[in-house]
Each structure stands twice: as structure tokens, then as C-alpha cells.
Amino acid sequence: MEALTRIAHASIRVAAELTPAEAKANAAAQMAGLAYGLAAIGPGIGIGMIFGKAIEAMARQPESAGMVRTTMFLGVAFTEALALIGFVAFILLKFA
Amino acid sequence: MKTDDPQYVSILSMNDQGPAPEAAIVRDIIKHGSIVAPILIGLSALFWGVNGAWSSAYGVALVLGNFAVAAWMVSYTARISYALMMGATLFGYIFRLAVIAAAVFFVRNATWVELVPLCMTIVISHVGLLFWEMRYISLSLAFPGLKPKHVASPTVQDSTSN
Numbered sequence: 433m434e435a436l437t438r439i440a441h442a443s444i445r446v447a448a449e450l451t452p453a454e455a456k457a458n459a460a461a462q463m464a465g466l467a468y469g470l471a472a473i474g475p476g477i478g479i480g481m482i483f484g485k486a487i488e489a490m491a492r493q494p495e496s497a498g499m500v501r502t503t504m505f506l507g508v509a510f511t512e513a514l515a516l517i518g519f520v521a522f523i524l525l526k527f528a
Numbered sequence: 006m007k008t009d010d011p012q013y014v015s016i017l018s019m020n021d022q023g024p025a026p027e028a029a030i031v032r033d034i035i036k037h038g039s040i041v042a043p044i045l046i047g048l049s050a051l052f053w054g055v056n057g058a059w060s061s062a063y064g065v066a067l068v069l070g071n072f073a074v075a076a077w078m079v080s081y082t083a084r085i086s087y088a089l090m091m092g093a094t095l096f097g098y099i100f101r102l103a104v105i106a107a108a109v110f111f112v113r114n115a116t117w118v119e120l121v122p123l124c125m126t127i128v129i130s131h132v133g134l135l136f137w138e139m140r141y142i143s144l145s146l147a148f149p150g151l152k153p154k155h156v157a158s159p160t161v162q163d164s165t166s167n
């Protein structure tokens, strides 16, 4: 707790020494990183669920593996699109 | 895990030696991508000039490469074990995302890069190509009887129909 308080005090001191433009850039960088991180968590969970269910289906009905893998691959690619959108938002917020 | 059941098959040893559907999907996506790419590149060139066109072409290449690597990882590991396929896909997701991030980071300050068309191309081509492919796949899954069949020649078709 004491360490956290010290870190908070240090951050406030650093923030107080920044010019408004630097503080804004600092906040933008933090928020962009947070957005990218949050955008990657959801698809990670989603892909895990898709694959878990697909493997369960293939283990139960091996003869339907081709169909399951087809839909699974598309599902994973669609889920990945969310992460890509998060990444693009990060890049545009940070560098554009 | 050990079991006395003789029918028990471990997920670690289960694999799929059949044809890989992912390769067929990605081949189709790349074929569609080669149709869409000139349109996207042309639009980017219209709004952002030559740099926009280069950025857009780079974005399309990244997306198609990402699809190809994902399909190769799934089809290769599925031949070994389903459990490996699961692991490869989850870690492959992180790996491929990191590669795309690195590929954009390394070129972001290059003179030929415009970030807006590059990012827009990545998102639009990824989602658009998937929707295009989904149309065909959902149709063939819903109506397997409507799949086009190869016909050798009209004469053969006529003789069989009569």
C-alpha cells in the first residue's frame, strides 16, 4: 500500500512537471495502449471458445470434422477482425 | 489421464488426415482478394495519391498473408493432433497479431506510407473478404445439393438426362 502511494505521488509529481501538450500526448499514449490491450482480450477469449467447442464437436462426430473446421476457421477469422479493428484504432489514435 | 475403457481415445492423439478445408477457403479468399485489391488500391490512389496506393497494396498483402499463415498453421497442426491445433491457433493468434503490429510499426515513418489508407485497407479487406467467402460457405452448408458439379461436355449431359 505504501509502495502504491509512493508511485501515485511520483506520477502526480511527474504530471505536474509536464506541459499541457506533453500531458495530453502522455494521456493519449496511455489510452491508445489500453484500447489495444482491451481489444485483444475479447477476441482471445472468443477464439478460445470457438476452438474449444469445435474440438468438442470433432471429438464427438469425427465424420463432420471438415464442416466444423470450415465454420471454425471463418469464425476465428471474424473474431480476429475485432482485434484488428482495435489495433487500427490504436495506430490511428497514436500516430495519425 | 489413464482409463480402462478400450474405446477411449485421447484428444492428444486425435488428428485429421483428410483434406484441409482451410487451404481451400484461403485459396478462394486470395482469388477474391486479387479482384478486390485493384479497386481498393485505385480508391486509395484517388484520395491519397501514389503513397496511398502503395499503402493500400501493403495492407492487402498483409491481410492475405495473415489468412495464408493462419490456414497453414491450422491445417498443418490438425494432421498432428487436435490439441496441438488448439495451442497453435491460440498462440498463433498472438503471434500473427504481433507480426501485423510490427509490420505496421516498422513502416509507419516510411515516405511511401499513409497510415489512414493502410489501416482502412487492413480492416475493410479483412472483413469484406470474409463476408464474401461466408456467402459461399453458408450456401454450400445450407444447401449441399446445390453445389455445382463438373460436367464433362453438353453431349454427356444430354445423353444422361434422356
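Chains as they are written, first to last, in the numbering used here: chain A, 433 to 528; chain B, 6 to 167.
Don't be surprised by glycine CBs; every beta carbon is placed ideally from N, CA and C.
The segment 36-123 of chain B is shown to contain whole alpha helix (DSSP H) runs of 4 or more residues at 87-112, in chain order.
In the same chain as Ser61(B), and ignoring 5 residues on each side of it, the C-beta atoms closer than 6 Å to its own belong to Leu45, Ile46, Ser49, Pro122, Thr126, in chain order. A Cβ-Cβ separation of about 15 Å leaves Ala472(A) out of contact with Lys526(A) under the 8 Å criterion.
Pro26(B) has its alpha-carbon roughly 10 Å from the corresponding atom of Ala497(A). When rounded, the separation of the alpha-carbon atoms in Ala107(B) and Tyr63(B) is 13 Å.
Gly484(A) and Ser18(B) have their alpha carbons spaced roughly 16 Å apart. In summary, the residues of the segment 458-479 of chain A whose CB is separated from some CB of chain B by less than 8 Å are Ala472, Pro475, Gly476, Ile479, in the order they occur in the chain.
Boundaries for Pro494(A): no alpha helix (DSSP H) harbours it, and the DSSP string shows neither H nor E there. When the Cα atoms are used, Thr503(A) and Met91(B) turn out to be separated by approximately 15 Å.
Excluding residues up to 5 positions away in sequence, Asn458 lie with their Cβ nearer than 7 Å to the Cβ of Leu450(A) in the same chain.
The beta carbon of Pro26(B) falls within 8 Å of a beta carbon belonging to chain A, placing the residue at that interface. Secondary structure at Ser443(A): helix, using DSSP grouped into helix, strand and coil. A Cβ-Cβ contact shorter than 8 Å links Leu514(A) with Gly474(A). Scanning its chain for C-beta atoms nearer than 7 Å, with the 5 sequence neighbours on each side dropped, one finds around Thr94(B) the residues Met78, Val79, in chain order. Here Tyr468(A) has Gly518, Phe519, Ala521, Phe522 as same chain residues with Cβ atoms under 8 Å from its own Cβ, once five neighbours each way along the sequence are excluded.
Considered as a whole, the segment 451-520 of chain A harbours no complete run of any beta strand (DSSP E) with no fewer than 3 residues. Within chain B, the residues whose beta carbon sits less than 8 Å from that of Met490(A) are Met19, Asp21, Tyr87, listed in sequence order. If the five residues before and after Arg101(B) are omitted, its C-beta is found closer than 7 Å to the C-beta atoms of Asn71, Val74, Ala75, all from its own chain and listed in chain order. Taking the beta carbon of Thr94(B) as reference, the chain A residues within 8 Å of it are Ile479, Phe483, Val508, listed in sequence order. For Arg113(B), there are no CB contacts under 6 Å within the same chain when 5 residues up- and downstream are skipped. A residue is called buried once 16 or more other Cβ atoms fall within 10 Å of its Cβ, and Trp117(B), having fewer, is exposed. For Ile85(B), same chain residues with a beta-carbon under 7 Å away, outside a window of 5 residues either side, are Asn20 in chain order.
In the structure shown, Pro26(B) falls within a helical segment according to DSSP collapsed to helix, strand and coil. Taken atom to atom, the span from the alpha-carbon of Ile129(B) to that of Arg438(A) is near 46 Å.
Here DSSP, grouped into helix, strand and coil, assigns Leu525(A) to helix. Distance between Ala66(B) and Gln462(A), taken at the CA atoms: about 30 Å.
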